[in-house]
Amino acid sequence: MSLIAVLVLATVVATPNPCRVEITLDAARSGFATAKGSNEVVVRATPIGGRQPERAAPVETPATVPGKVSLSLARDVLWRFEVVSGAWWAAAATAYLTDDTFALRLRAWPTATVTGALKWPSSEQAPTVVKLDFQAPAKAQRSAGPMIEVKPGGEPRGATECRVAAGRFRCSLPAALLDVKLRCKGYVSIFRWAQRLDESAPLDLGEMVLIPGASLVGWVTTAEGPASPESCTVRLRPAAAAQAASQEEVARWASLTQTTTIDGRGFFTFEGLGAGSYEVVASQPGFAPFSTGRLTIMARSETTLRETLVLERPAQLRISVRPRVDPSGQPWSVAVFRAGLIPGAFEPAAHASVNEDGTLAIEGLTPGTLRVTLFDSAGSQFAQQRFDLSPATSDLLFDVPAVQVSGRVLLGRKPLAAKVWFGRRAGSVSVLLESDADGDFVGVLPRAGWWDVQVVSDDPVVDRVLRKVDVMADPETRRAEVELRVPATRLEGTVVDEHGGGVAGATVRLLATATDSLTQIRSNDGGRFEIHGPAPGRISLQARDVTPDGPRESATAYIDVPSEGDAPQIRLTLVRKREVRGVLLGDGQPVPGAQVSVAVFPLQPASLANQDVTTDSAGRFVVQVQGDARGLLAYAFPPGYAFKAFVVDVTEARDVELKVTAFGGDLEIGLPEPADFRDPTKPKWALWQDGIVVGPAHLSLWARINGQLPDPSPTYVRFPRLNPGNYRVCFFGDNTTLLRAVGTGPAPDVPCAEGYLPPLGRLQLRPGGGR
């Protein structure tokens, strides 16, 4: 052992109240000869995170395989444990030490040598390094229930980096039966299955031809057993092909569709792909096709489908609608969407008209979660249901207790001709009615009760959401009368450039705090804009436009709208934006295909200056910010790593580095009462991660990215894989107090709870009730 290591060990042992780590080294029974020569190894412990990793230093100590070793290490530190040896290999282990003692078992394999030759296009630069991923062979296994899943291979599993010299590589892997994948940046990965590595002789993988471009790999099985290599096919087509509007377009997209088969393991690969959005469809006679929905392929990188594509027998969906026809006496229609591999995303599965008797049978659907929407003949969405389709559950009923509604739309005291959406224009249930010049409207709604109603007019310009409009129907006649009164408020202003000249055609966005509704209007030829009926209270405004020289944007402005009359005029100045470049690194490696949400810092309540970007194959991203921006607030959503919020300085012309770790923890929040983010008057909660505010929308998106469904309890939420650190969650009575806390922090009387989330750990917080 080196003198440095001895000194480091002495320092760590002297740490007050250390954790005693007992490490057992086992020799794996791989079925091959045991390692020749020395069984001596070095066990290394390295601090990589936690509350105070700077208090600790790396430790090395000699050991034998098999054997045991004991270390005294600092607590509240995340440690990585490794076996360092040329003759033995063991997978690294990670532990966050909190108790007096901790037991760890490492399994070691004797090493074997693997070699190979590389061939690449003469136009490409010679590679200097390749990476070999390895694992024990994967197998198709029956899981709980009837499903068959392709289980990842067991131990040994890991990765190693190999130097390339004169077109050849040579490195060490565990002596075992392994599936090996060769990765070289910018090239399609190469797979070698069931390679037997023996310490007695090197294994030559032969010549491996590197193909430039991206690749997509995945697995297919069926609910009844492995898929058939002879009849199962997998198609890859551009996602835009699903929207082809003519036979010519269909033929054009068909020429870009690729088809491949699976091997005996159910594995498939597409190679040499260009960057873009694609859809994968797996099919086999006798089974319903399985579609992934839209997938994003990064340039010159590999995309691996996280979920196995499971083919099931087709199911029939039988729909019944009451009443049998829509309010105008015409047939209903139904649109069916199927949940794809991406959590929260639904892809079109079927669209059909309901028969005159109010029934419809749709054949050949893939079992799973469906979203079914019922339309009337005018295109209004009358009802929507989620439905889990299986051979045992195939009947779906839409019972529409229609209500005849009539009423009047007023702007202040004057009648208003407008389009009126009961359920909002983009709601899951959205019924469009129109008022005439006298403000009168008549129509049919699918139910009585409370509605959010969106009123839109072009002259005068109105776009207002009226919340909680009560449609009270007579129980005998099923008729209701409603008055929709938009307040006679008005907001006007001017969009100008940096020299004060009016800017025509700029987009002005307005966010009303009281109704939490977003409106967009455009400035006229003189740069003027106006809107009637904005909700009284605080309004956020921002202007944007795009010129040949690039985008321009105003700062977010705030104005208070009175309960009646005109708000003060406002002036929005467009300024040229500048680029800020950055890179997202996960434990030192680029993270491709990750979403990064960015806002100007310090964050203002109800700010509209937000951007969402996606990292490229090198983990890089570019955002546009105002020229005078000094800081950015960034939220990173890195697949395979932990969610993290950042505040970064952008005053200097340098790339921004966002660093995330794979060693996240789970956060559980217990609320004193249900929160409702759709109603601005209802309670809300917010979170601070190491002092940086994180909205529930960010956390919900992160949960969906990780395949987590919403929790069934309205007073309990759980979020996986968050960055280790200090957390504070607070509960607010309404939207106004929440937005005030974004800028100034929560008031002293706001119930909060806080605690530390350790790496790989769990934290429970209950605002007002402690942990």
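Counting from 17, one number per residue, gives the positions in the sequence shown under the numbering used here. The beta carbon of each residue, even a glycine, is placed where N, CA and C say it ideally should be. Bear in mind the structure is a predicted one, so any value in this text is a computation, not a measurement.
According to the DSSP assignment, Leu-390 belongs to the beta strand (DSSP E) that extends over 384-391. With distances taken between CA atoms, Glu-770 lies nearest to Pro-783 out of Val-758, Ala-763 and Pro-783.
As DSSP reads the structure, Val-485 sits in a beta bridge with Trp-467. CA-CA distance, Glu-499 to Ala-331, rounds to 46 Å.
Taking the Cα positions, Arg-186 is about 14 Å away from Asp-149. Cα atoms of Val-666 and Leu-649: separation of roughly 10 Å, rounded to the nearest angstrom. Around the Cβ of Lys-430, a 10 Å sphere holds fewer than 16 other Cβ atoms; the residue is exposed. For Ile-39, the beta-bridge partners assigned by DSSP are Val-85 and Leu-120. Distances from the CA of Leu-232 to each of Glu-223, Thr-285 and Trp-209 were compared; the closest alpha carbon is that of Thr-285. Taking the CA atoms as reference points, Pro-688 sits about 18 Å from Pro-696. Here the segment 579-590 does not lie against the segment 631-639, with fewer than 3 beta-carbon pairs under 8 Å apart. A Cβ-Cβ distance of about 7 Å is found for the pair Ala-111 and Leu-120, placing them in contact under the 8 Å criterion. Considering only Leu-674, Thr-131 and Thr-319, the residue with the shortest C-alpha distance to Ala-181 is Thr-131. Cβ contact annotation for Arg-173 (same chain, cutoff 8 Å, sequence separation greater than five): Ala-107, Phe-150, Gln-151 and Ala-152, in chain order.
Taken atom to atom, the span from the alpha-carbon of Gly-465 to that of Val-436 is near 17 Å. Across the structure, Asp-475 and Ala-615 are spaced so that their CA atoms are roughly 34 Å apart.
Contact between Val-676 and Gly-602 holds: their C-beta atoms lie close to 5 Å from each other, under 8 Å. Of Thr-753, Ala-453, Ser-533 and Gly-543, the smallest CA-CA separation from Glu-514 is found for Gly-543. Under a 10 Å Cβ-count criterion, Leu-413 is classified as exposed, with fewer than 16 other Cβ atoms of the shown protein chains found around its own Cβ. Annotated as proximal: Ala-610 and Phe-653, with beta-carbon spacing under 7 Å. Per DSSP, Trp-348 is not a residue of any alpha helix (DSSP H), being assigned neither H nor E.
Glu-56 has Thr-80 as its beta-bridge partners, per DSSP. Using a C-beta cut-off of 8 Å, the segment 470-484 makes contact with the segment 529-539, since at least three inter-stretch Cβ pairs fall below that distance.
The DSSP-derived three-state label of Glu-70 is helix.
Runs of the beta strand (DSSP E) lying entirely within the segment 489-513, each at least 3 residues long, are 495-502 and 505-512 in chain order.
Across the structure, Leu-526 and Ile-555 are spaced so that their CA atoms are roughly 7 Å apart. Secondary structure note for Pro-712: it is in no beta strand (DSSP E), and the uninterrupted alpha helix (DSSP H) holding it is 712-721.
Here the alpha carbons of Leu-289 and Thr-320 stand approximately 13 Å from one another.
The continuous beta strand (DSSP E) containing Trp-209 extends over residues 206-212. Each of Cys-200, Leu-113, Ile-206 and Gly-102 was checked against the Cα of Val-146, and the nearest Cα belongs to Cys-200. For Ala-520, the CB contacts under 8 Å within the same chain, skipping 5 residues up- and downstream, are Ser-539, Asn-540, Asp-541, Gly-542 and Gly-543 in chain order.
Its chain contains Ser-396 and Trp-437 as the residues whose beta carbon lies nearer than 6 Å to that of Leu-448, once the 5 sequence neighbours on both sides are disregarded; these appear in chain order.
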